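Structure, as structure tokens:
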Amino acid sequence: MGLKMILSSRRRRASTALFAGIVAGVLTAVFFALLRPNPPTTFDVFYFAAEKSMSGQVVYETGHGLWTYTPASLLYFYPYALLFEYQSALFVHRGLSIVVTVGYAYALVRFLGRRIDLQRLDRIAIFGFASLSVYPIVNVINASFVGVFATFLGMGWLLIESDYDDGGSLWALAAIVKGYPAFWGAYLVRVRRWRAVGAAILTGVSATLLGVLVFGFDAYRRFFTVAGTSRVRYDQFSGGASPDNEAVTPLRALSQVFPNVDPAVWTPVILVVVVCITLIVYYLVPADSLSDRATLLLVTILGVWFVMPTSQDLDTYIIYAPLLVLLYVERHRTVQALYALGTIVLSYNFGRTELRAVSELFGVSDVVMLVGEPVLSFATMPMYGLVILYLGCLLKACIRGRESERTERLRKVVPTRG
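Heads up, the sequence shown stops at 418 in my numbering, and the numbers go up one at a time, no gaps.
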């Protein structure tokens with residue numbers, strides 16, 4: 001079977017992209033096993049922040065890194081600190097992360113299987129990508145909380161799409177850890193899931209009040225003055241971002257092109273552009289079909305990420321639910337091809353250091369880095385992939401706008417020259 005025939009079918013394009021992602025995940029696991037057998041973890045910050053808060057006030061400087069999350073989110077990690085010493089807790093957390101990842105992958109297969117006719121190869125591709133691609137693999141290796149966090153967000157959307165408005169509560173619980181999912185509320189408003197909005201607000205307010213009762217108002221005051229502000233790390237972009245900066249925001253590329261411009265200037269510019277684009281997409285794309293709603297959610301997530309200076313590559317796992325849906329239900333060939341291409345590109349998440357280490361093993365470092373150095377210095381592989389996905393969303397908006405004649409109405413509203 002030729003490559004042209006493989007890529008000519010929507011279903012085959014999707015499975016090809018997903019299997020390419022699985023290969024990337026397996027290669028990443030091999031890379032860690034051979035070249036980085038003792039990777040650093042992020043779990044120590046969570047564990048020791050919870051442990052120290054149990055014996056006194058919330059401590060944001062844990063001695064293992066800065067705790068940058070809300071006080072209420074410490075309650076997630078109390079069972080680890082109460083029941084286990086650190087190494088045992090780390091082992092348990094990794095085990096639970098694997099269980100959660102596998103369960104989430106199964107839920108994605110089941111969700112899609114109830115809406116379209118999936119063949120066995122499709123089910124294997126979806127399950128394998130959701131559990132064995134680079135982001136779930138690295139999140140387990142690094143003992144990150146992103147796997148659980150992404151599962152809350154992904155399952156929340158699957159529940160909302162299944163007419164369970166409690167999915168909004170899962171989004172709110174995730175927003176307690178990292179505040180930015182609160183901005184996903186714009187999507188709920190756009191698709192008019194008012195009960196999900198109510199569930200999210202009720203859960204978020206209740207969790208915050210619980211946090212104030214348990215940890216005190218001062219803990220929240222210090223969160224906003226110490227921890228919250230520390231996440232906006234403009235200094236990492238000053239004078240041109242480090243080529244090894246893992247941020248997935250246009251701010252990284254802009255700081256490379258304009259190293260003498262204060263990076264704080266770009267955030268409001270990016271915000272204005274993203275808000276305008278998002279509003280246009282919200283207008284052009286109806287909320288009638290699953291494909292439409294997945295597009296609206298994906299453009300919302302990517303827009304929020306692009307604005308945030310703190311967006312990191314490993315959070316890419318969060319887009320898996322709408323991305324997998326779009327790979328299989330998007331009917332416009334070019335749009336779906338962009339989603340497939342973006343999936344492949346973001347799946348190969350390597351930087352200059354990793355590329356140089358692997359190319360040196362084969363003695364081709366000089367040739368490979370001749371191209372790899374400028375490409376990976378300008379932006380990360382996930383950033384390139386996310387931009388391709390964003391272009392797919394914009395193309396879908398143009399197509400849907402023409403189909404519904406909303407594009408013509410928009411042109412009448414927006415003044416043009418001539």
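No residue lacks a Cβ here, since even glycine has one placed at the ideal position from N, Cα and C. Keep in mind that this is a model prediction, so the values were computed, not measured.
Mind checking residue i: buried by the 16 CB within 10 Å criterion, or exposed?
i, result
"Arg417", "Residue placement at Arg417 cannot be trusted, given a pLDDT of 48 that sits under 50; what the coordinates show is reported in the next sentence. Exposed."
"Pro136", "buried"
"Ile6", "Unreliable placement is indicated for Ile6, whose pLDDT of 46 sits below 50; the coordinate value is still reported in the next sentence. It is exposed - the Cβ of Ile6 has fewer than 16 other Cβ atoms within 10 Å."
"Thr334", "exposed"
"Met155", "buried"
"Ser55", "exposed"
"Phe129", "buried"
"Arg192", "exposed"
"Arg36", "exposed"
"Gly63", "exposed"
"Cys276", "exposed"
"Ile22", "buried"
"Glu61", "exposed"
"Pro309", "buried"
"Phe217", "exposed"
"Phe258", "exposed"
"Phe306", "buried"
"Trp194", "exposed"
"Glu403", "exposed"
Does DSSP classify residue i as helix, strand or coil?
i, result
"Arg61", "Arg is not the amino acid found at residue 61; the sequence shown has Glu there. DSSP places Glu61 in strand when its eight states are reduced to three."
"Arg94", "helix"
"Tyr164", "coil"
"Val272", "helix"
"Ser133", "coil"
"Ser16", "Contrary to the premise, residue 16 reads as Thr rather than Ser in this sequence. Thr16: helix per DSSP, three-state reduction."
"Arg402", "helix"
"Val358", "helix"
"Glu51", "helix"
"Asp44", "helix"
"Leu11", "According to the sequence provided, residue 11 is Arg. The question's Leu does not apply to it. In this structure, Arg11 counts as helix in the three-state DSSP scheme."
"Gly216", "coil"
"Gly418", "The predicted position of Gly418 is uncertain, since its pLDDT is 45 and thus under 50; a value taken from the coordinates is nonetheless stated next. Gly418 falls in the coil class under three-state DSSP."
"Lys396", "helix"
"Val260", "Per the sequence shown, the amino acid found at residue 260 is Asn instead of Val. Note: Asn260 maps to coil in three-state DSSP."
"Ser365", "helix"
"Ile280", "helix"
"Ile6", "Any reading at Ile6 is ruled out, since the residue's pLDDT is 46, under 50, leaving its predicted position unreliable."
"Ile22", "helix"
"Thr300", "helix"
"Met1", "Summary for Met1: the model assigns pLDDT 47, below 50, so the residue's position carries little reliability; its value from the coordinates is reported in the next sentence. Of the three classes helix, strand and coil, the one that applies to Met1 here is coil, per DSSP."
DSSP puts residue i in a beta bridge; with which residues?
i, result
"Leu66", "Glu61"
"Gln312", "Ala247"
Between residue i and chain C, is the shortest Cβ-Cβ distance under 7 Å, so that the two count as touching?
i, result
"Arg222", "Among the protein chains of the structure shown there is no chain C, as only one such chain exists."
For residue i, collect the residues of the same chain with a Cβ closer than 6 Å to its Cβ; drop the 5 residues on either side in sequence, then sort them by chain order.
i, result
"Ala182", "Ala175"
"Thr41", "Asn142 and Ala143"
"Met383", "Val248"
"Val304", "Tyr180 and Phe183"
"Gly385", "Gly342, Val345 and Leu346"
"Asp44", "His64"
"Phe215", "Val58 and Pro71"
Go through its chain and collect everything with a Cβ distance to residue i's Cβ below 7 Å, but skip five positions before and after it.
i, result
"Phe46", "Phe77 and Phe145"
"Met381", "Val345, Leu346, Tyr348, Asn349 and Phe350"
"Ala186", "Thr300"
"Phe149", "Ala174, Val177 and Lys178"
"Ala105", "Phe127, Ala130 and Ser131"
"Asp315", "Val146"
Excluding the five sequence neighbours on either side, which residues of its own chain have a C-beta within less than 8 Å of the C-beta of residue i, listed in chain order?
i, result
"Thr70", "Ile176, Val177, Gly179, Thr208, Gly211, Tyr220 and Phe223"
"Leu82", "Met54"
"Thr278", "Ala186, Val299, Thr300 and Gly303"
So is the beta-carbon of residue i under 6 Å away from any non-hydrogen atom of the ligand FMN?
i, result
"Tyr283", "Ligands are entirely absent from the displayed structure, and the ligand FMN is therefore not among its contents."
Are the region 7-21 and the region 341-356 in contact at 8 Å, needing three or more beta carbon pairs? yes
Taking one C-beta from the region 243-261 and one from the region 88-95 each time, how about it: are there three or more such pairs within less than 8 Å? no
Should the region 165-174 be regarded as contacting the region 267-281, the criterion being three or more beta carbon pairs within less than 8 Å? no
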